[in-house]
Structures are given as structure tokens and as C-alpha cells.
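*Asks:* Chains as they are written, first to last, in the numbering used here: chain A, 347 to 719; chain B, 49 to 447.
1. Just to confirm the assignment: which complete beta strand (DSSP E) runs, minimum length 3, are found wholly within the stretch 142 to 199 of chain B?
2. At a cut of 8 Å, does the stretch 497 to 511 of chain A reach the stretch 350 to 360 of chain A through at least three beta carbon pairs?
3. Hey, is the stretch 473 to 486 of chain A in contact with the stretch 418 to 428 of chain A, meaning 3+ C-beta pairs nearer than 8 Å?
4. Enumerate in chain order the residues of its own chain whose CB-to-CB distance from residue 410 of chain A is below 7 Å, with the five nearest sequence positions on each side excluded.
5. Which parts of the stretch 189 to 269 of chain B are runs of the beta strand (DSSP E), unbroken and 3 residues or longer, counting only runs that do not cross its ends?
6. Here's the rule I'm using: 16 or more other beta-carbon atoms within 10 Å means buried, otherwise exposed. How should residue 540 of chain A be labelled?
7. What is the DSSP secondary structure of residue 549 of chain A, counted as helix, strand or coil?
8. Compare the C-beta of residue 505 of chain A with all C-beta atoms of chain B and state if any pair is closer than 9 Å.
9. Return no unless some Cβ of chain A is closer than 9 Å to the Cβ of residue 350 of chain B.
10. Just the chain B side, please: which residues come within less than 8 Å of residue 485 of chain A by C-beta, in chain order?
11. For residue 133 of chain B, report the span of its alpha helix (DSSP H) as first-last.
12. Based on the DSSP secondary-structure assignment, which residues constitute the bridge partners of residue 543 of chain A?
13. Which term fits residue 502 of chain A, buried or exposed, when burial requires 16 or more other beta carbons within 10 angstroms of its beta carbon?
14. Do residue 262 of chain B and residue 87 of chain B come within 9 Å of each other at the CB atom, strictly closer than that value?
15. In this structure, does DSSP put residue 429 of chain A in helix, strand or coil?
16. Go ahead and label residue 383 of chain A buried or exposed: buried means 16 or more other beta carbons lie within 10 angstroms of its beta carbon, across all protein chains shown.
17. Please name the residue in B:272, B:243, B:423 and B:111 whose C-alpha comes closest to that of residue 377 of chain B.
18. Would you decide whether residue 177 of chain B is buried or exposed? Buried here means 16 or more other CB atoms lie within 10 Å of its CB.
19. Please state the DSSP three-state secondary structure of residue 349 of chain A.
20. Indicate whether residue 432 of chain A and residue 576 of chain A have their beta-carbon atoms separated by less than 9 Å.
21. DSSP three-state label for residue 558 of chain A, please.
22. CB residue 607 of chain A to CB residue 619 of chain A, shorter than 9 Å?
23. Would residue 247 of chain B and residue 266 of chain B qualify as a contact pair, given that the criterion is a beta-carbon distance under 9 Å?
24. Would you call the stretch 556 to 576 of chain A and the stretch 513 to 529 of chain A touching, i.e. three or more CB-CB distances under 8 Å?
25. Please confirm whether residue 595 of chain A has its beta-carbon closer than 9 Å to some beta-carbon of chain B.
26. Kindly say whether residue 77 of chain B, judged by its beta-carbon, lies nearer than 9 Å to any beta-carbon of chain A.
27. Report yes if the C-beta distance between residue 622 of chain A and residue 658 of chain A is below 9 Å; otherwise report no.
28. Taking only runs that begin and end inside the stretch 364 to 400 of chain A, name each unbroken alpha helix (DSSP H) of 4 or more residues, in chain order.
29. Leaving out five residues before and five after residue 344 of chain B in sequence, what residues of the same chain have Cβ atoms less than 8 Å from its Cβ?
30. Taking buried to mean at least 16 other C-beta atoms within 10 Å of its own C-beta, is residue 277 of chain B buried or exposed?
31. For the putative contact between residue 538 of chain A and residue 373 of chain A, defined by C-beta atoms under 8 Å, what is the C-beta separation to the nearest angstrom?
32. Just reading off the beta strand (DSSP E) that residue 642 of chain A is part of, what are its end residues?
33. Have a look at B:73, B:387 and B:403 and flag the residue whose alpha-carbon is nearest the alpha-carbon of residue 412 of chain B.
34. Excluding the five sequence neighbours on either side, which residues of its own chain have a C-beta within less than 7 Å of the C-beta of residue 665 of chain A, listed in chain order?
35. Need the endpoints of the alpha helix (DSSP H) that residue 435 of chain B sits in, please.
36. Does the pairing of the stretch 383 to 401 of chain B with the stretch 309 to 316 of chain B give three or more beta-carbon distances under 8 Å?
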């Protein structure tokens, strides 16, 4: 569970870069201007190899696993990164990696020129597993029809990886944002990521169909589990940063002639924040380690991490606001932004309640097959 | 497997070796004692008997270094041993001597103290209790008032200790006593080892909420203690005490028992003889508790990993103590809800290992209510949950 030398190096490099280049005030200016992906930052991510992490060395990738992606995710939480890093890495490691058609696109993904964002949400949550959007066969090829709403980081996408239903089961279809027949509305989001709503009504050729049938379903399952762990890691980073900010603030802020940090009622609440954050950390790292194990173990740990991190992220960032007082309710102070980001992460790809249900279903399957533990 | 054959180092093979020993050594009565354990301690006699069996096998104190009769097992092996003992329903002996005093003797004791006391501890022949809290000194332990005054080569001890677990069975007590009243409280405390048979000592047991006797008050009236029984330097007792408390809090594997509790909850949820709740939301709460137990287990592993690397877990032991005990209380609540009405009978006699008759409770729920009742003590003893949170605030967060 401890980091390897290579992982420590990745952490240190990323930490240093983000500390110097992801300043909170610069982030506010950036968002105010409607810039969710700052080109020079994105370029730097590419140059540091972050966008190449999931791909094998034969594709000029770094062949890194979930643990390394989670390291970046944790730091994204700490530094409130708005760039679509975890979004693209999640798609790349679960969908693009499985697709032969995507192989030709990988060089562009690694350089940062192609930003593929998953489009899975529709007006009803069930559609994240069984979409209403359809990919149907036509005389000349295929046709994609449907709508995908509230795509987080959608404002930064150059392409969408669209989840659709087809005559062969699920399908992942890659559509360029500027394609004729795609109408895309982008909008600001509370967490600064920038979102998109899309209507698709356009012809699709074979090259655009990344995966279909069982392979597409497997990719969806991998995508969801990757997103659960990655969102847990980012939540962890944000919760830790919210706690650190709160500890610093209560040491400095004086009321009744003494620092807030000297009051036991507040000390114990901060101790709780630490306990819960550390427990979450253990599960997030364990979920990364489980990525190489069997499907049951992997799935169970991913869901456990999601359930725990969602609950703890919410609680810790709410407490951070409360312990600060009025200042934390302002846009100009950082703590409220951790709160807003973890709230968005709670529902991204899979909610806490959905993860809990699936966790229980996995245990029930196990009991049905081998009897109670 | 006999005592002289070396144990396999491979985890799975080690586990099998432990399991084989347990299935051979545990009598039905010892297993009943283990199953009917409702607090930290099993039936006293069963626990003492089990300690003696373990000692004969060379496993009397797995955590101790080899030179003092320990096993030399690594952390992983010790964890496996503990896990297998629990799974096999081995009884829990009174462990204050082995877990708390032993390491202090090794660290602070003179050669003659080690030679004199350690063998009796590991064999289970001498049972020790812990004299820390006093009626006026609970969380504020350093304010303790029991005095030890010099009289020739001896100390004369006067005062009283309270919440002294198993004092009524104990041969010896390790005590914090005041040897200097003029200095600040922590600086005037010494650590004394006292024979419970010394004239002037009386023990008053308390009946706990579950009807059993574990807690006592111990009174000292002009009790004469040789100065050779002083552990560490005079007035350095606070250092020994703090170190001991870290041993009490650290090195515990809460999740072994927590997982066992939750598997009992699940058995009850599918039981035909004592399914106590028809609440459809109950299963969700069990699942959330399971996830919390997974988080704690991974945290215990993380701390163990850092210990192997030679770091000091320090205040992390407080984190584990708070989470482990509060989660234990949560699991105990789930257990009484899962057992429902079947947990209401109060029949102390059925908890005796020798009892083999029928019970008014369902067989699954015989211990449930007592476990729940006793779980309330876990966030009080060994430093309350509030004290642990203050330790975390001070030493981890720097508040």
C-alpha cells in the first residue's frame, strides 16, 4: 500500500507543478472567463506524460495502472484542477484501451489534441447503464440518435465517447464535437469543470464505433469501476485539503481572546475529520491495489471506496465550512470550492447509493455461490 | 506438529499449522467459553487453562521477543494467529500481564525484575491487573492520589484504585502511585509492582450492567511494598504509563472481531430461528458497516506496513482505537437489532462454559445483549474516545 519509488516521483513532480501553476486565484479568473481547460496547463500535462499514462509502451504510453491515475486524481482534488484530466484518463484506460479503432487516435490523445469525454448521462439515471440513445444500422452505415445531458468536463471535450444501444447490444461511439448533426450546448458548472448537453442525430461510420456488444459492456463496467476509484481519490484529496485549510485557519483566527483551535469542541470535530479522511485513504489505496485482482474483489473495493468517500467527502467539507464560519461561504475563499467539487463528484458516473446497492449485490452473489462466510 | 518442529514461513502454510494446533488443543468446553465471551475476557478459569496450553506449545506470548519466550513471528503471522484463534472460538485469557506489563518490564525492568516476573506472566501462573484509575482520577489520570512513602527499604502505599479489571482473580497489580507531591502532577508518579496477597489490600467487586463481575475497586491501607518492586526510576512512572497505554491501544486488530460480529449479523438475517427484524432498510446499514470495517482493516494494514518499515504509529493508535471501538458499538447495535426479541432473556448461568443445557434465548443470540451492553465500556476504558480525540488534535493536527 506504500508508494513505489516511481509513484513517489510522480506524486512529487505533479505536486510541484500544480503548486506552482494551479493557484486558486488564477483558477477563479480562469473560470470567470469561461476557460475550463487552460491550453498551457493542458500542454504541460501532456509533456509530463500524464495523458499517456494508461497506454502500453508499444503505443508510446507509460503503461501505468490505476494507482498512478489515482495519485493524479488525489492531487486534482487538492488543487481543484478544472482541466479534464481524470475524465480523459478514465475514458482512455477503460474504453480507448479496449478498442482497435481507437489505436490510430492514441497519438493525438497522448499529445492532448484529442480530448475524449464520456457521454453517458441522459435525463434518467437508469440510462447510465442502459441508454435510450440508439445506434441503428442504415443502408450506408450507422446512425446515432439521442441526447446526452450534463456531461461533466463536456465543455473541454474535442470528442465524445457516446454510450448507445444498438442491435448488437451496447456501443461506444466516438463523435467529434464539431460534427454536423451534433448540437452541443456548453455551460459553466458549480465545480468549475464546465459541462455540455448534446443532441445527436448524425451518420456514423465503422471507424467511429469504438466497441460494440460484450466488449462495450465490459468497457462500461471497467469505466464505471475506474470512475468510482478515481472520483474517490479526488474526493480524498479535496477532503484532506479542506481539513488542512481548516486546521490552519482555526490556529490563526481568534475569538474570545484565543485561537479557535484551542476550543475542545472544535478540536474533536477536526479529529473526526482526520479519522474519517484517513479511513477513506486506506480504502482508496486498497481499491487501487485490488485493480489487479479478481473481478469480485476489484468490484467490491471500488464500490466500498465510492460509498465511503462520498459520505466522508460530504461530511468533511461541510464541517470545514462550519468551522471556518462566514468566510467559507464566500466565492473568494477556497474551502467552499472543495465542498462544491466533492458534491459534483458524488454523482459523477455512479452515486453513493448505487454503489452501495451494487456492493450488496456482489456479496449476495458470493453467498449464493459459496454460502455465507 | 510438536513444539520442536519449525513453523512454515509461508502465510498459508503457517495458517494451516495454527489451525491444526487449535483443532487439536481446544476442548469442547474451551470452545464454549470462547463462544460465550461477552466482553474482553472469557470465563476466567477457561482463559487461564488456555494460556497454560499455549505456553506449553511455546505460543504463550506471540508478540514478545524470542529471548523472553516469545515466538519471533512477524506481524503478519501474529495477525494470522489471532485471527485463527478467534475463528476457532478460543477463549481470551486475562492479558494485562502479557500485553501491557510484559513489554514495560522488558523496556524499563532491571535484569532481576525481568527474571522474577516474566516467566510467571507468560505461563499464566501469575495473573496481573492494572491499577491506574482512581475515584477522583479518570481521564485526568495524572491527578492520582494513591501515595507511596519511603519507609526504610520499603514503600508504604495508601489509597484506592478503581475499574481494576479482574482484580478479584489477580495475584499481582501494577500501580501508578504518587511519590512526590511537591512537583507538577506528572513528575511525581512512580510505577510499582504489588503482590495482591500483601496485608492491607482489599478488593470490592462491582456487578456490571450485564450481571457479571469484571470491575473492582482495590483499597490500599498501609501496604508495605519492597523498593525492589519499583519499575523504572522513582518519579518516572508517567513515562512508563504513557508507553504502556500506547501498547494497550496499538497492536490491536479490531477488525478480526468486527468481521466476526458482522458475519453473525448476516447469519441472523437469514436465520429461521431468530430473525429479529423485518426492516427492509436494515441490510443497507449492515452493508455500510461492512464498508467501514473494510476501511478500518485497510487502515490497520497500513499502520502495520509502516511499523514494519520502522516508523512509530504514535497517535495513529488513537485513530484505530476510536474507530475500532465505535465501529464495534455500531456492530453490537446491528446485532441486537438482528436478534430482536430473541435477545431479551437474561440467564447468566448459560454463559458458563460448563453449561450444556437449553436456553430461553435462541442459540445464536445467547450472548447478544451482554455484548451490546458491554460494548458501551469500550469507548471509556484505555483512555476515553474523547481523550483519544484530544490526542489526535494535539499530536496529529497540532492544535
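Glycine included, each C-beta is placed from N, C-alpha and C at the ideal position.
*Replies:* Inspection of the coordinates gives the following:
1. 176 to 179 and 195 to 199
2. no
3. no
4. 399 and 400
5. 195 to 199, 202 to 210, 220 to 226, 237 to 243 and 249 to 255
6. buried
7. strand
8. no
9. yes
10. Within 8 Å Cβ-Cβ: nothing; residue 485 of chain A doesn't reach chain B, min ~50 Å.
11. 123 to 135
12. A:531
13. buried
14. yes
15. coil
16. buried
17. B:423
18. buried
19. coil
20. yes
21. strand
22. no
23. no
24. yes
25. no
26. no
27. yes
28. 370 to 378 and 385 to 393
29. 302, 303, 306, 368, 371, 372 and 375
30. buried
31. 7 Å
32. Where residue 642 of chain A is concerned, there is no enclosing beta strand (DSSP E), although the alpha helix (DSSP H) it sits in stretches over 641 to 670.
33. B:387
34. 615 and 619
35. 433 to 439
36. yes
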